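A.B. asks: Here you go, one structure.
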Amino acid sequence: MATNLRSTILPISWFLHIILCFYLIRTIRKVLYRIILTLVPCLILIFVGCRNLPYYQMSSIITVSLYWMITIRLIQLILFSPDEIHSFRIYASKFLWLLIPIVPCQSKNSIIFHVILAVVKILLNHWIFQWLRICEPNNSYGRLIMFYINICTGTFINDIQIVAVRLITLNKYSLLEFNDYPILSKSLREFWGRRYNRLVSSLLKEAIFKPIHHLPYSSALIAALASFFISGLLHAHVAVAGFGAPSPLPAFLFFLLHGCACCIETICPFTPPKLFGILLTQCFLLITAPLYAGLFTLAPSNFYEFNKPLLIDATWLPKVPVPDFCPNY
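Put into structure tokens, the structure is as follows:
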């Protein structure tokens with residue numbers, strides 16, 4: 001009963017707060033008042049909405065992430081740029097975009113390419129998922145690589161959605177591609193800024209990086225660190241609320257560490273050759289991955305029972321044989 005009540009009241013509360021922010025709080029000239037009236041209700045709603053969420057379920061991870069993304073968008077529109085948007089329709093579309101990130105179609109890839117890519121990803125994703133499923137949880141580099149492949153191929157749903165949007169709009173619009181071949185990243189800045197989880201990176205760039213970068217006495221380094229700081233808070237909350245982690249610190253440190261590494265890349269006087277840059281980037285990701293990805297690779301077997309990928313039980317899909325060994329290195 002309490003869960004059903006919360007699932008009804010919370011969305012309404014978020015909706016009302018978003019409306020109040022536009023029509024009332026946005027017009028307040030004193031910045032401190034705007035900060036308090038915008039953020040305090042957000043923090044209360046995040047606290048109430050993320051309490052007692054079931055562990056190891058993607059629905060919990062999505063819930064925490066969505067609440068934080070709404071808050072980040074409010075920080076952009078109400079605290080940093082209160083005078084930028086005067087139309088409620090445009091204001092509301094900024095939040096709707098978090099759920100349906102439609103963008104003008106500028107892709108050079110054909111619809112057929114995305115269909116083929118989706119099929120290949122489905123086969124690989126189901127194969128690696130079944131392999132992860134039968135192996136004991138551990139933090140070995142082999143399992144971390146398997147998980148990396150799993151999340152990269154899990155975007156086949158995104159490819160299917162891209163095909164649908166492009167067909168419906170006659171190639172005028174598309175859906176934002178979640179990833180852009182992150183394994184080809186020549187630097188951490190390229191990985192986080194352009195290739196991996198482009199939904200969150202686009203939001204952080206619009207809502208945190210650009211506004212802070214344009215502040216007096218600010219810089220690109222300060223703005224980048226602020227973006228990774230906010231991202232660290234989001235993922236630290238995911239660790240605690242979605243996985244029951246005893247401490248949010250490792251997840252937070254992962255993103256803070258990567259923020260510092262990106263800043264070092266910025267001031268570094270040389271650019272490594274392309275292949276060396278790719279290798280260096282992926283090695284750094286792999287070495288530091290246990291701080292956050294360990295939440296997934298150490299998750300118990302019911303994590304995979306709760307979060308089966310789409311079509312995993314479809315008998316008409318071909319199945320790639322699963323190896324009979326588990327990487328423990």
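Take the sequence shown: its letters are residues 1 to 329, numbered as in the UniProt record's numbering.
Ideal Cβ placement from N, Cα and C applies to all residues, glycine included.
The structure displayed is predicted, hence computed values, not measured ones.
(1) Need the endpoints of the alpha helix (DSSP H) that residue 104 sits in, please.
(2) Taking only three categories from DSSP, how would you classify residue 317?
(3) DSSP puts residue 175 in a beta bridge; with which residues?
(4) Would you call the segment 204 to 219 in contact with the segment 34 to 50, where contact means no fewer than 3 C-beta pairs closer than 8 Å?
(5) So, for residue 172: in the same chain, excluding its five sequence neighbours on each side, which residues have a beta-carbon less than 8 Å away from its beta-carbon?
(6) Which residues in the same chain as residue 55 place their Cβ atom closer than 8 Å to its Cβ, once the five residues preceding and following it in sequence are excluded?
(7) Please identify the residue among 297, 291, 17, 178 whose C-alpha is closest to the C-alpha of residue 98.
(8) State the DSSP-derived secondary structure class of residue 326, mapped to helix, strand or coil.
(9) Rounded to the nearest angstrom, what separates residue 304 and residue 274 at their Cα positions?
(10) Mapping the DSSP letters down to three states, classify residue 180 as helix, strand or coil.
(11) Starting from residue 305, trace the alpha helix (DSSP H) both ways and give me its first and last residue.
(12) For residue 235, does the three-state DSSP call read helix, strand or coil?
(13) Identify every run of the alpha helix (DSSP H) within the segment 245 to 269, keeping only runs that are complete inside it and at least 4 residues long; order them along the chain.
(14) Is the separation between the beta-carbon of residue 341 and that of residue 112 shorter than 8 Å?
(15) Between which two residues does the alpha helix (DSSP H) carrying residue 211 extend?
(16) So, using beta-carbon positions, are residue 144 and residue 289 closer together than 8 Å?
(17) Please report how far the alpha carbon of residue 219 lies from the alpha carbon of residue 85, in whole angstroms.
(18) So does the segment 252 to 259 actually touch the segment 233 to 242, counting three or more Cβ pairs closer than 8 Å?
(19) Look at residue 131 and residue 323 and say whether their C-beta atoms are less than 8 Å apart.
(20) So the candidates are 287, 123, 300, 283; which of them puts its Cα closest to the Cα of residue 316?
(21) Check each candidate in 120, 203, 182 and name the one with the smallest Cα separation from residue 101.
(22) Is it a yes or a no for the segment 156 to 164 touching the segment 185 to 192, going by three-plus beta-carbon pairs under 8 Å?
(23) With H, G and I counted as helix, E and B as strand and the rest as coil, what does DSSP make of residue 1?
(24) Can you check whether the CB of residue 153 is closer than 8 Å to the CB of residue 197?
(25) In or out: residue 195 buried (at least 16 other Cβ within 10 Å) or exposed?
(26) Return helix, strand or coil for residue 7, following the three-state DSSP convention.
(27) For residue 301, which of 221, 74, 134, 43 has the nearest alpha-carbon?
(28) Is DSSP giving residue 282 helix, strand or coil here?
(29) Taking the continuous alpha helix (DSSP H) assigned at residue 147, which residues delimit it?
(30) Look at residue 147 and residue 121 and say whether their C-beta atoms are less than 8 Å apart.
C.D. replies: Result, derived from the coordinates:
(1) No alpha helix (DSSP H) holds residue 104; the beta strand (DSSP E) holding it covers 102 to 104.
(2) coil
(3) DSSP, once it has assigned bridges, lists 102 as partnering residue 175.
(4) no
(5) 104, 105
(6) 242, 243, 244
(7) 178
(8) coil
(9) 36 Å
(10) coil
(11) 302 to 306
(12) Correct three-state label for residue 235: helix.
(13) You should have 249 to 267.
(14) Nothing can be reported for residue 341: it is not among the residues displayed for the chain, which extend from 1 to 329.
(15) 210 to 213
(16) yes
(17) Approximately 25 Å between the Cα atoms of the pair.
(18) yes
(19) Yes; because the gap between Cβ atoms is below 8 Å, this pair is in contact.
(20) 123
(21) 203
(22) no
(23) Bear in mind that a pLDDT of 48 at residue 1, under 50, signals an unreliable position, so the number given afterwards is only what the model happens to contain. Residue 1 falls in the coil class under three-state DSSP.
(24) no
(25) buried
(26) helix
(27) 134
(28) The answer is helix: DSSP assigns residue 282 an H, G or I state.
(29) 141 to 153
(30) For residue 147 and residue 121, no; Cβs fall outside 8 Å.
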